[in-house]
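Q: Sharing a structure below in structure tokens format, with a few things to ask.
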Amino acid sequence: MKTAIVDDDPIVCSSLSTIVTASGAAEVLWTADNGDDAVRLYEQDPANRPDVLLLDIQMPGTDGLEAARRILQRDKAARILFLTTFADKSYIAQALSLGAKGYLIKQDVKSVAPAMLAVMAGQIVLGSRVLDTLQLPGNEAGSGRQQLSDALSERERDIAELVSQGLDNRDIAHQLFLSEGTVRNRISGILDKLGMANRTQLAVAWIDAQRR
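Residue numbers for the sequence shown follow the UniProt record's numbering, so the first one is 1 and each next one is one higher.
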């Protein structure tokens with residue numbers, strides 16, 4: 001696996017490079033200290049594109065969220081894993097709505113390499129502090145999994161699982177042999193049942209339920 005690291009602290013870049021290289025999880029292609037350089041380096045050569053991009057949020061100039069938006073506009077297949085000190089609900093929601101594959105807090109450095117491998121396997125990865133920040137009402141310890149199981153049909157649970165993996169409606173339809181319209185309607189029904197506003201909330205609730 002190939003990765004790139006974007007963080008305005010050179011010590012963080014160096015430490016992360018050492019960690020992921022020593023773990024054997026990835027080769028570091030390049031590092032950058034701001035969003036503009038991240039976008040430029042990502043786009044300048046397809047061979048220079050990482051399998052997973054580790055991206056900070058708050059940086060001078062173009063921040064990580066804007067850099068992610070630009071990259072994903074040009075490459076919808078980009079796998080972006082945010083790694084930041086900020087467990088801020090607004091930042092997390094923005095990151096996931098952009099299409100990021102994960103959000104970790106920097107204190108969880110030991111989880112970086114496993115998280116990268118999980119992202120490569122098609123999963124959405126959220127750190128424990130992130131899940132605690134986004135925890136929805138009614139998802140108290142021990143109740144989340146049962147609550148979703150009781151509320152959703154077997155087919156709806158299949159769809160919720162695929163939403164939590166970051167798949168779009170077309171990919172879900174392909175995997176479940178349904179039409180895109182059916183998937184779209186099913187997701188709308190699931191959100192109505194659970195009193196949720198969007199698929200990001202559904203993904204977070206499903207992931208949270210599976211860890212309990």
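Glycine included, every Cβ here is placed at the ideal spot set by N, Cα and C.
1) Find the nearest neighbour of G195 within the set L152, D168, H174, judged by alpha-carbon distance.
2) If you follow the beta strand (DSSP E) that K2 is in, where does it begin and where does it stop?
3) Are G122 and Q165 close, meaning C-beta to C-beta below 8 Å?
4) Could you pull out every residue in the same chain whose Cβ sits closer than 6 Å to the Cβ of T84, ignoring the five residues on either side in sequence?
5) Return the chain-ordered list of same chain residues with a C-beta closer than 7 Å to the C-beta of R70, the five sequence neighbours on each side being excluded.
6) Is the segment 88-102 touching the segment 26-45, taking contact as three or more C-beta pairs under 8 Å?
7) Span of the beta strand (DSSP E) holding L55?
8) Helix or strand or just coil, what does DSSP make of I105?
9) In whole angstroms, what separates the C-alpha of A118 from that of G61?
10) Which runs of the alpha helix (DSSP H) at least 4 residues long sit entirely within the segment 165-191? Give them in chain order.
11) Extract the residue ranges of the beta strand (DSSP E) inside the segment 78-132, only unbroken runs of 3 or more that lie entirely within it.
12) Is D192 close to chain B? Criterion is C-beta to C-beta, closer than 8 Å.
13) From K2 to E156, what distance separates their C-alpha atoms?
14) Pairing CB atoms from the segment 91-107 with CB atoms from the segment 180-187, are three or more of them under 8 Å?
15) Using only the alpha-carbon positions, how far apart do D36 and D75 sit?
16) Give me the DSSP bridge partner(s) of W30.
17) Using the rule of at least 16 other Cβ atoms within 10 Å of the residue's Cβ for burial, across every protein chain shown, is F177 buried or exposed?
18) Going by alpha carbons, who is nearest to G24 out of N34, A113, W206?
19) Please list the terminal residues of the continuous alpha helix (DSSP H) segment that includes R70.
A: To lay it out plainly:
1) When each option's Cα is compared against that of G195, the closest is L152.
2) Start and end: 2-6.
3) A contact, by the Cβ cut-off of 8 Å.
4) The beta carbon of T84 sits closer than 6 Å to the beta carbons of D56, I57 from its chain, once the five residues preceding and following it are set aside; these are given in chain order.
5) Closer than 7 Å at the Cβ level, and outside the excluded window around R70, lie V39.
6) In short, these stretches do not touch, since the Cβ pair count stays below three.
7) In this chain, the beta strand (DSSP E) harbouring L55 covers 52-55.
8) Assigned with DSSP and collapsed to three states, I105 falls in strand.
9) In this structure, the straight-line span from the alpha carbon of A118 to that of G61 is close to 30 Å.
10) Within the segment 165-191, the alpha helix (DSSP H) runs of at least 4 residues that lie entirely inside it are, in chain order, 169-176.
11) Fully contained in the segment 78-132 are the following beta strand (DSSP E) runs of length 3 or more, in chain order: 80-84, 102-105.
12) Of the chains in the structure shown, none is chain B; there is only one protein chain.
13) Here the C-alpha atom of K2 lies approximately 35 Å from the C-alpha atom of E156.
14) The segment 91-107 is not in contact with the segment 180-187.
15) Those two C-alpha atoms are separated by around 16 Å.
16) Note: W30 is bridge-paired with A4 in the DSSP secondary-structure output.
17) By the neighbour-count rule (16 or more Cβ atoms within 10 Å), F177 is not buried but exposed.
18) Looking from the CA of G24, the closest CA among N34, A113, W206 belongs to A113.
19) Segment 64-74, the alpha helix (DSSP H) holding R70.
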